[in-house]
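**Student:**
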Amino acid sequence: MTERDQLHRFLFEHAAIRGELVHLDATWQAVLERHIYPSVVKTLLGEMLAASALLSATLKFSGRMIMQLQGSGPITLLVVECDHQRHMRAIAHWAGDLPEGDLAALAGDGRLVITIEQAGSERYQSIVALTGRCFADAMTDYLLRSVQLDTLLWLATDDHQAAGLLIQKLPDESGDSENWNRIQALTSTIRKNELLTLGAREILHRLYHEEDVRLFDAEPVAFRCSCSRERVSNMLRSLGENEVQDILSEQGSVEVACEFCNQKYSFDSVDAAGVFTTVPAHDPPERTQ
Ligand SMILES: [Zn+2]
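In case it helps, the working numbering puts the sequence shown at residues 17 to 305.
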């Protein structure tokens with residue numbers, strides 16, 4: 017049975033450990049259709065997409081989570097966004113030659129920035145230095161430092177799919193690490209090929225057939241860009257009327273393309289006049305008098 021674009025949660029019944037599996041197909045294809053990426057960038061972005069879906073399911077939020085890898089190497093910026101309905105979009109920026117190598121060779125002294133934006137609530141942001149040889153290592157380190165829970169991830173990607181597996185040790189009064197050590201050892205035997213090609217039940221059976229594991233119903237994941245004409249209008253408002261008038265007199269219209277999905281938005285002088293006379297629907301509170 018194929019399990020396309022799904023996230024599964026699972027729980028070890030007699031151990032304070034939970035897990036998640038994600039498999040992305042059309043979601044990943046939609047990212048790759050919009051831009052051409054060199055293979056090392058593609059691998060890192062696919063792993064980050066899977067990791068972002070997994071992380072979003074460990075957190076409770078209603079809004080969007082933005083994961084950024086800010087690099088000082090050839091890879092300058094990777095962005096993956098995931099909202100609470102698991103609609104995702106992603107983009108990568110790089111410059112110059114891309115070496116085959118570990119995370120440090122690609123991103124230099126980079127950092128991982130994770131922001132959670134929720135309507136009517138403060139923005140939450142955490143920033144950690146990028147560590148480890150691969151993105152799964154960097155995420156493991158991030159989770160240990162930010163949520164202080166032992167979490168391990170396995171990520172795999174190719175030209176068609178991106179997949180990930182996560183296990184997390186839940187707070188437990190017993191202080192016993194025997195279960196965690198055993199589950200960790202079992203999970204470590206997963207191979208990238210299995211993660212990419214097997215369904216959730218097959219993976220759980222393959223790894224944990226002697227354990228008591230509860231698999232929850234699948235949750236769908238999809239590519240969806242959050243850009244809109246209204247958001248572009250807000251951006252033009254923040255740019256200012258004079259700046260927009262300058263562009264109009266030079267170019268006749270203001271053309272804005274969404275870098276995530278390539279959607280183009282065009283504003284002529286009549287549209288632009290409307291932008292500056294209409295009260296925005298979602299004006300930030302500090303600007304509402
Ligand atoms: Zn877009």
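Virtual Cβ for every residue (Gly too), placed ideally from N, Cα, C.
On a CA-only basis, which of A121, A69 and T293 is nearest W170? Give me that one, please.
**Tutor:** Along the sequence shown, read from residue 1 onward, the residue named residue 170 stands at position 154. Measuring from the Cα of W170, the nearest candidate turns out to be A69.
**Student:** Which runs of the alpha helix (DSSP H) at least 4 residues long sit entirely within the stretch 74-110? Give them in chain order.
**Tutor:** If we require 4 residues or more, the stretch 74-110 turns out to have no alpha helix (DSSP H) run fully inside it.
**Student:** Please report the straight-line C-alpha distance between D299 and M104, rounded to a whole angstrom.
**Tutor:** The sequence position of residue 299 within the sequence shown is 283, counting from 1. The sequence position of residue 104 within the sequence shown is 88, counting from 1. Only weak support exists for where D299 lies, its pLDDT of 49 falling under 50; the coordinates are left without a value.
**Student:** Under 9 Å between the Cβ atoms of E29 and F151?
**Tutor:** Mapped onto the sequence shown, residue 29 falls at position 13. Mapped onto the sequence shown, residue 151 falls at position 135. No, these two residues do not count as a Cβ contact at 9 Å.
**Student:** Run the CB neighbour count on I33, radius 10 Å, all protein chains shown included, and call it buried at 16 or more, exposed below.
**Tutor:** The residue given as residue 33 occupies position 17 in the sequence shown. Looking at its Cβ environment, which holds 16 or more other Cβ atoms inside 10 Å, I33 is buried.
**Student:** Using the C-alpha atoms, what's the distance from L61 back to T294?
**Tutor:** Translated into positions along the sequence shown, residue 294 becomes position 278. Translated into positions along the sequence shown, residue 61 becomes position 45. Roughly 38 Å between the two C-alpha positions.
**Student:** I'd like to know whether the C-beta atoms of Q22 and V237 end up nearer to each other than 9 Å.
**Tutor:** Position 6 of the sequence shown, counted from the first residue, corresponds to residue 22. Position 221 of the sequence shown, counted from the first residue, corresponds to residue 237. It is a contact, given that the beta carbons lie within the stated cut-off.
**Student:** If you reduce the DSSP assignment to three classes, tell me which class E133 lands in.
**Tutor:** Within the sequence shown, numbered from 1, the residue matching residue 133 stands at position 117. Here E133 sits in strand by DSSP.
**Student:** To which residues of the same chain is P301 closer than 8 Å at the C-beta, ignoring the five residues directly before and after it?
**Tutor:** One-based indexing of the sequence shown puts residue 301 at position 285. Because the pLDDT of P301 is 47, which lies under 50, any placement of that residue in the model is unreliable, and the number read from its coordinates should be weighed accordingly. Excluding sequence neighbours, P301 sits near nothing in its chain.
**Student:** Classify G35 as buried or exposed, calling it buried when 16 or more other Cβ atoms lie within 10 Å of its own Cβ.
**Tutor:** Along the sequence shown, one-based indexing puts residue 35 at 19. With 16 or more Cβ atoms within 10 Å of its Cβ, G35 is classed as buried.
**Student:** Within 8 Å: the Cβ of S282 and any heavy atom of ligand 1?
**Tutor:** What you label residue 282 is simply residue 266 of the sequence shown in a count that begins at 1. Not so, every heavy atom of ligand 1 lies at least 8 Å from the Cβ.
**Student:** Let me check one thing: in DSSP terms, what residues is A11 bridge-paired to?
**Tutor:** Given a span of 17 to 305 for the chain in the structure shown, any question on residue 11 remains unanswerable.
**Student:** Assign Q86 to buried or exposed, taking buried as 16 or more other Cβ atoms, counted over all protein chains shown, within 10 Å of its Cβ.
**Tutor:** Numbered from its first residue, the sequence shown carries residue 86 at position 70. Its Cβ being crowded by 16 or more others within 10 Å, Q86 is buried.
**Student:** To which residues of the same chain is M17 closer than 6 Å at the C-beta, ignoring the five residues directly before and after it?
**Tutor:** On the sequence shown, position 1 is the one that residue 17 refers to. For M17, the predicted structure reports a pLDDT of 44, less than 50, and the residue's modelled location is therefore unreliable. A value from the coordinates is still provided. Within the same chain, M17 has close Cβ partners G215.
**Student:** For M83 versus A67, is the C-beta spacing smaller than 9 Å?
**Tutor:** As a working mapping, residue 83 is identified with position 67 in the sequence shown. As a working mapping, residue 67 is identified with position 51 in the sequence shown. Going by C-beta atoms, M83 is nearer than 9 Å to A67.
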